Amino acid sequence: MRILLIDLENKDFSYIEDEALRPLYFGGIGLNTYLLFKYTDTKIDPMDRENNIFISSGALAGTIIPSASRSEMTCLSPTGYLGTTNSGGSLGLGIRLCNIDALWIKGRAKHPLYLKIDEKGVLFRDATNIWGKDVFETVDTLKKKEGKDAEVISIGMAGEKGVRYASVQNGYYHSFGRTGTGAVMGSKFLKAVCFKGNGEITVKDKKGFLEISRAIRERIMSSDSLGYTRRYGSMVVSDVYNQMGILPGYNFTKGSIEKWEETRGRRFFEKNFKERDFACVSCPIGCLHWSRVKEGDYAGLETHGLEVTYVLEFGAKLGISDISKILICVELCNRLGMDVISTASVIAYLIELFEKDMVKESDIGFKPMFSDFESISRLIFLIGNKEGIGRILSEGIGSMKKYFTGSEDFACEIKGLEIPVRDPRGRFDTWILGYIINTRGGDHLKIRTPVDALLDFKIDYEYEPLFISEKEMTLLDIPQKVKDKIFDNPPTKIHIPHMAKYGEELLVLFNAFGFCIRPPVLRTIGPSMLSKAFNAMYGYDLNEDVLLEHAERIVNMQHIFNLKRGLTAKAYTFPERFYKEYIEYRGGKRPPLDRMKVKKALIEYFKLRGWDSKAKPKKETLHRLGIDKII
Amino acid sequence: MKRGKKIRINNDNCAGCMLCVLSCSFFNAGVFNPEKSIIKINKNDKTLKFTLKITVGCKMCGACVEACAYNALGWEDENTVN
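If you're matching them up, the sequences are chains A and B in order. Using the numbering used here, read the first sequence as starting at 1 and increasing by one per residue. Using the numbering used here, read the second sequence as starting at 1 and increasing by one per residue.
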């Protein structure tokens with residue numbers, strides 16, 4: 001593998017070549033985990049100059065393997081634990097055309113810089129004139145200077161000023177959203193990185209590569225989920241969330257919202273806003289949309305969206321009913337460079353603090369209210385610029401709750417990361433167990449089941465129901481011995497802790513290879529197809545068992561990194577709201593989570609991982625995975 | 001899809017996935033590099049509008065047409081041959 005090592009302090013660069021890493025860590029989160037684990041001091045402050053940023057393209061990015069264009073950015077997060085975040089667009093191709101697999105950025109520049117990278121090396125350019133500019137202005141300026149085809153990642157004011165959930169924006173609309181990598185980039189005085197290489201991406205076995213590429217495409221295009229994924233994108237689940245009562249409404253106090261479908265539903269969005277579809281590089285699905293606001297105060301606004309995350313965060317968690325105003329909130333976040341999930345969560349937490357009289361109007365300067373675009377948009381602006389109340393809000397809920405005694409119950413974060421999109425009380429399943437086991441904190445994007453379906457809401461803490469067609473069942477690419485553990489026979493249900501372990505490893509592989517996790521991909525591609533594509537590209541002979549073992553090692557390394565940072569098993573829990581309060585939804589009220597049953601599922605997961613009940617990996621686990629040698 | 005004599009471009013349908021560009025480069029140069037592709041894409045990353053253009057040297061191999069999942073590329077019907 002070829003890793004470009006950039007020393008910001010000395011404006012110097014070099015290349016590390018190590019092919020032995022490739023069949024073990026592949027790329028993306030796999031390679032980043034190894035580099036973080038091996039080279040980042042766990043005793044430092046996340047904003048210390050010694051923190052590193054690693055950016056790796058997925059192993060198959062930049063090729064014709066469908067839907068495998070993504071890249072990962074990793075560092076010690078301002079949450080205090082693993083910081084890692086994924087993004088699509090055309091960046092994976094842009095990195096690979098510089099004839100590198102990854103970047104390792106170390107040190108701190110003496111003044112604001114941006115980097116121009118191509119296949120020949122790195123230019124360190126002065127960024128004084130764009131420091132203080134928003135992301136759109138920055139990308140405009142750098143594309144004008146470095147060429148319109150340059151791939152630009154950059155931070156906005158939020159990253160510059162150290163908002164702890166600042167994003168790194170990929171182009172104008174894609175984001176490395178979660179875990180505050182933008183704040184770390186800002187702490188290094190690094191405003192942007194431009195990729196403009198003209199290198200060549202090569203393949204060992206061209207015939208085999210073409211064959212596996214066609215086979216993967218055929219599977220993706222055969223999925224029952226393809227049609228609706230292109231038509232609605234992630235918005236496909238918007239109506240279902242309301243019907244099932246799992247919206248994160250008003251800081252997780254209402255699972256359903258009146259007139260949701262009529263104002264924020266998928267068909268309403270399609271009819272009134274959606275203009276056309278577009279895609280990340282190499283993706284035949286095209287789940288992304290371009291939208292136009294046709295009437296009202298913001299008529300004429302055209303932008304990327306709507307993603308369901310935007311509507312669940314600003315539409316449900318904060319209660320904004322007008323899609324055009326939701327789009328404005330997202331554009332503000334994109335321009336300032338802030339994660340939409342954490343931003344919406346922090347504002348929802350503040351509004352509840354205000355409603356409970358724990359924060360006064362005089363502390364803020366105005367009344368913050370749910371459903372009120374004016375106060376919410378003002379708060380976004382204040383956070384991004386770290387002005388007024390924004391200074392406290394920029395710390396994130398994990399830090400804020402220490403100042404507001406008595407607010408812990410409704411401080412909706414896990415391991416310092418704000419909880420997104422879905423109320424855990426609707427159904428306990430792989431997704432929800434994933435919130436507490438995720439190595440980057442409260443998040444829904446690192447543990448998934450390939451057979452996810454929200455059609456039955458019977459609550460069972462051990463099994464979730466299985467609802468996929470016979471055709472999709474035959475397309476599933478899960479090793480038989482894994483299937484035997486996860487499903488009953490014949491398959492009717494899913495063992496949640498087993499699926500959580502497998503789903504976590506599967507997503508490590510998806511990420512390391514560059515794949516997206518949209519349903520047509522997640523349901524049809526697995527370790528067998530991944531190994532064939534990787535072998536054809538790089539000339540290895542890895543099988544699915546080896547891939548899963550490597551993924552297991554990578555998960556353990558992330559976990560050990562967190563343990564070294566002081567994480568304990570106590571952090572593997574939901575905020576008290578979810579254990580104490582009923583949740584209202586259109587079907588009535590659902591009871592809180594059963595603490596003992598959640599714990600039982602968690603302990604079962606620890607056991608499957610080879611960890612003790614305190615989440616500490618056993619000696620034999622470390623030895624089996626060879627981690628004892630790396631430590 | 002029946003092979004024709006001329007490739008039809010419909011830019012309104014282009015989703016910007018570059019599968020045509022990457023396929024052309026792979027089939028004709030054996031590597032992935034947009035500069036080595038005969039079909040070019042002009043991308044406006046801000047408005048997300050895309051324009052495809054087939055440049056000199058196209059051997060009509062059809063790799064780009066096969067790669068397109070959005071009906072932005074196809075064979076002209078009137079020139080279809082068996």
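Beta carbons are placed, not taken as given, at the ideal position from N, Cα and C, and that holds for glycine. Please read these numbers as outputs of a predicted model, since none were measured by experiment.
Other residues of its chain near residue i: CB distance less than 6 Å, five sequence neighbours each side excluded
i, result
"W611(A)", "P617"
"F373(A)", "I320, K325"
"L103(A)", "L4, I55"
"V281(A)", "S69, S90, L93"
"E584(A)", "K254"
"K619(A)", "none"
Local Cβ density within 10 Å of residue i, reported as buried at 16 or more and exposed below that
i, result
"N10(B)", "exposed"
"S362(A)", "exposed"
"Y34(A)", "buried"
"F50(B)", "buried"
"Y114(A)", "buried"
"M596(A)", "exposed"
"H111(A)", "exposed"
"S234(A)", "buried"
"C64(B)", "buried"
"E504(A)", "buried"
"I630(A)", "exposed"
"K207(A)", "exposed"
"L73(B)", "buried"
"L455(A)", "exposed"
"H623(A)", "exposed"
"E160(A)", "buried"
Three-state secondary structure (DSSP) of residue i
i, result
"N79(B)", "Model confidence at N79(B) stands at a pLDDT of 49, short of 50, so the residue's coordinates are unreliable and nothing is read from them."
"Y241(A)", "helix"
"L247(A)", "coil"
"E313(A)", "helix"
"M185(A)", "helix"
"W104(A)", "strand"
"I3(A)", "strand"
"L60(A)", "coil"
"S222(A)", "helix"
"T42(A)", "coil"
"D322(A)", "coil"
"R8(B)", "strand"
"R422(A)", "coil"
"M47(A)", "coil"
"Y232(A)", "helix"
"A571(A)", "helix"
"C75(A)", "strand"
"L673(A)", "Outside the shown range of chain A, which is 1 to 631, sits residue 673(A), and nothing can be said about it."
"T138(A)", "helix"
"L115(A)", "strand"
"E387(A)", "coil"
"D12(A)", "strand"
Selected residue, minimal CA-CA separation from residue i, among the options
i, options, result
"S56(A)", "N129(A), M1(A), D48(A)", "M1(A)"
"T63(A)", "L350(A), P284(A), M47(A), S225(A)", "P284(A)"
"L22(B)", "Y15(A), A61(A), D18(A), S613(A)", "A61(A)"
"D45(A)", "I432(A), A192(A), K614(A), K188(A)", "K188(A)"
"K483(A)", "E470(A), S469(A), H498(A), K471(A)", "H498(A)"
"G83(A)", "W431(A), E146(A), I257(A), M47(A)", "M47(A)"
"Y605(A)", "N489(A), K589(A), I447(A)", "I447(A)"
"T74(A)", "I65(A), N86(A), P66(A), S67(A)", "N86(A)"
"K481(A)", "L548(A), E17(A), I419(A)", "L548(A)"
"L382(A)", "D409(A), F354(A), M338(A)", "M338(A)"
"K196(A)", "L353(A), I364(A), K143(A)", "K143(A)"
Contact set for residue i: own chain, Cβ-Cβ below 7 Å, skip 5 residues either direction
i, result
"F578(A)", "P424, R425, P592, L593"
"P248(A)", "L312, A316, K317, V421, R422, D423"
"T711(A)", "A query on residue 711(A) cannot be resolved here, the shown segment of chain A reaching from 1 to 631 and no further."
Heavy atom of the ligand ADP within 7 Å of residue i beta-carbon
i, result
"E374(A)", "As for the ligand ADP, it is missing from this structure, which has no ligand bound."
Cβ-based neighbour list, residue i, same chain, cut-off 8 Å, excluding 5 preceding and 5 following
i, result
"Y81(A)", "K415, G416, T439, R440, G441, F561, N562, R565, L567"
"N535(A)", "D205, G208, D541, L542"
"Y358(A)", "The question names Tyr, but residue 358(A) is Met in the sequence shown. Answer for M358(A): F404, G406, S407, listed in chain order."
Next on the checklist: So within the region 265-311 of chain A, which uninterrupted beta strand (DSSP E) runs reach at least 3 residues, ignoring any that extend past its ends?
Outcome noted: 274-278, 288-292, 302-304
Next on the checklist: What ranges does the alpha helix (DSSP H) occupy inside the region 444-502 of chain A, keeping only unbroken runs of at least 4 residues that lie completely in it?
Outcome noted: 470-475, 480-486
Item to check | Sequence ranges, beta strand (DSSP E) only - wholly within the region 13-62 of chain B, length at least 3 | outcome: 39-44, 49-54
Item to check | alpha helix (DSSP H) runs contained entirely in the region 139-169 of chain A, provided each spans 4 or more residues | outcome: 157-161
Item to check | Complete alpha helix (DSSP H) runs within the region 554-599 of chain A (minimum length 4 residues, chain order) | outcome: 577-580
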